[in-house]
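Down below is the structure, laid out as structure tokens.
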Amino acid sequence: MSTSSDTTGRTNYVKLYLMAKMMRGFSLFGIALGRAMGRVERVEPPQEIVTISSTKGKRTIRIHIYRNKAALGLTNGTSAVHINWHGSGWMLPLHGQNGGLIRTILSSDLLTTNAYPVTIFDCSYALSPEHPAPAPYEDARDVYDYLMKNATKFNVDMDRVTLSGTSAGATLALGLAVKLASEQVHREGGSAETRVHPIKGISAFYPPVNWLGERATVPEPPQPKTWPGTLMPPFVSDVITIAHFFSPSSSPLSPEEETKRIEELKRRVEISPALAPTRDFPPILLLWTTEYDHLSVKAEALRERLQKDGGKVEGKYIKGVGHGWDLEVQKDQFGYQDRIDAYDDTVKMIARVDSRKDR
């Protein structure tokens, strides 16, 4: 379990930085090996790449752009927008890991048959410990604001925005949505029934939704491992938490000040979206959680609360798989059909926002 003394100081930062570099090296080597063996999804080559500058720091955000067949052939009107963020443990440079989902959207018969143009923006974001919270959330907001300002350039309709993400990326999607809605309430007022949410739908895969409280426990998975996904060890969770909330100050705060700083960050709705009121969630929410993932406990608590408040939460709690199951499950393996269903439902979510029908 991490303490406030772990998240400050030059010595702690150097240790954390070296650990992050080592974790990145092992992770990227494993992914490269897995792709060579055909066991890890390949990156979908982007049709266009845009790099924008952060408005909050000296860093850049890389955006991979994809257009489905209808968007490529668009001669009249605008394209719907779908923004995706990859998983990372907040530390790993895994931009491009959602190639399977992107290919599903691009090749969708549903969107092709309906001649529904969609432009996908697959985005990177700041990583810890070099850029701790709230940097990743600021980058997600920068992408949204950039697209709002450049909608004409990309020929997109910012009234038809859907989001998706895996793990940390799913938190960014949820956090952006509830933060935008909260700002809308303070700016415009009105009831939830009369307001039009700026985000029309989210497909969130196994997101961390609440940083408050202790790590939850989940059933021990069977051994030897034959199930897809991972079970995150407690020490890895501790490293992630320390890195994500490391103090940006060059001189350490007092223990009391550091505890207060971290607590205030964790209570921000864009960082812990489960703390947002039900009214601030988008009209369509798909939530995918897994049995062998401690993050699922709080995510399922969010699902239960939203449903109790009258919200409709789709998606599924998937038994027999772990965190990130969809990124490594093989054909004919348990959980593969769940992956197909989850990706197809994400496509259906995008199609449901078609302004020609019921927007």
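Position 55 of the sequence shown, counted from 1, bears residue number 54 in numbering that gives the first Met the number 0, the numbering being contiguous throughout. C-beta: ideal position from N, C-alpha, C; glycine also. All figures in this text were calculated on a predicted structure; none of them were measured in a lab.
Only residues of its own chain outside the window of five on either side were considered, and among them none has a CB closer than 7 Å to the CB of F234. Out of K199, V42, L91 and N75, the CA that lies nearest to the CA of H63 is found in V42.
In the same chain as M90, and ignoring 5 residues on each side of it, the C-beta atoms closer than 6 Å to its own belong to A19, L126, S127 and A242, in chain order. Restricting attention to E290, K330, G88 and E47, the CA atom closest to the CA of P218 is found in E290. Comparing alpha-carbon positions, the option among A70, P276, I317 and K318 lying closest to L301 turns out to be P276. If you compare the alpha carbons of E262, W287, P254 and K55 with that of P135, the shortest gap goes to K55.
According to DSSP, Y316 shares a beta bridge with T288. Counting along the chain, V49 sits inside the beta strand (DSSP E) bounded by residues E47 to S52. Burial state of T165 is buried, judged by a 10 Å Cβ sphere holding 16 or more other Cβ atoms. Going by beta carbons, N154 and S78 fall inside the 8 Å limit.
8 Å or more divides the Cβ of L109 from the Cβ of Y342.
Boundaries of the beta strand (DSSP E) harbouring T118: V117 to C122, taken from the DSSP string.
The region 283-298 makes contact with the region 194-211; the number of CB pairs closer than 8 Å reaches 3 or more.
Within a 10 Å sphere around the beta-carbon of M348 sit 16 or more other beta-carbons, which makes this residue buried. In this structure, the CA atom of L173 is about 11 Å from the CA atom of A298. Rounded to the nearest whole angstrom, the CA to CA distance from E269 to G98 is 26 Å. With a minimum length of 3 residues, there is no unbroken run of beta strand (DSSP E) contained wholly in the region 218-287. A residue is called buried once 16 or more other Cβ atoms fall within 10 Å of its Cβ, and P281 is buried on that count. The straight-line gap separating the alpha-carbon atoms of H196 and K178 is approximately 11 Å. Ranked by Cα distance from R140, the first of L162, I339 and T151 is L162. Of the residues assessed, H185 falls on the exposed side of the cut-off, its CB having fewer than 16 other CB atoms within 10 angstroms.
Relative to the Cα of G314, the nearest Cα in the group H293, F333, E327 and V346 belongs to V346. The distance from the Cβ of G228 to that of V320 is about 5 Å, consistent with a contact at the 8 Å cut-off.
Annotated as distal: I48 and C122, with beta-carbon spacing of 8 Å or more.
By the neighbour-count criterion, in which 16 or more other beta carbons inside 10 Å mark a residue as buried, A35 falls on the exposed side. A straight line joining the alpha-carbon of I104 with that of A69 spans about 12 Å.
S246 is a Cβ neighbour of T7, given a cutoff of 8 Å. Within the same chain, T170 and L294 come within 6 Å of P207 by CB-CB distance, once the 5 residues on both sides are set aside. Where A203 is concerned, there is no enclosing alpha helix (DSSP H), although the beta strand (DSSP E) around it starts and stops at G200 to F204. H130 sits in coil when the DSSP states are folded into three classes, being neither helix nor strand.
With contacts defined by Cβ atoms closer than 8 Å, V352 and R159 form a contacting pair. Taking C-beta separations shorter than 7 Å and ignoring five residues to either side along the sequence, the partners of P131 in its chain run A242, H243, F244, F245 and P247, following chain order.
DSSP lists I119 as the bridge partner or partners of Y65.
In this structure, H94 sits near H85, with a CB-CB distance shorter than 8 Å.
Here N209 really is in contact with L274; their C-beta atoms are around 7 Å apart, less than 8 Å. The shortest CA-to-CA distance from S181 to any of F25, L27, Y12 and R267 is the one to R267.
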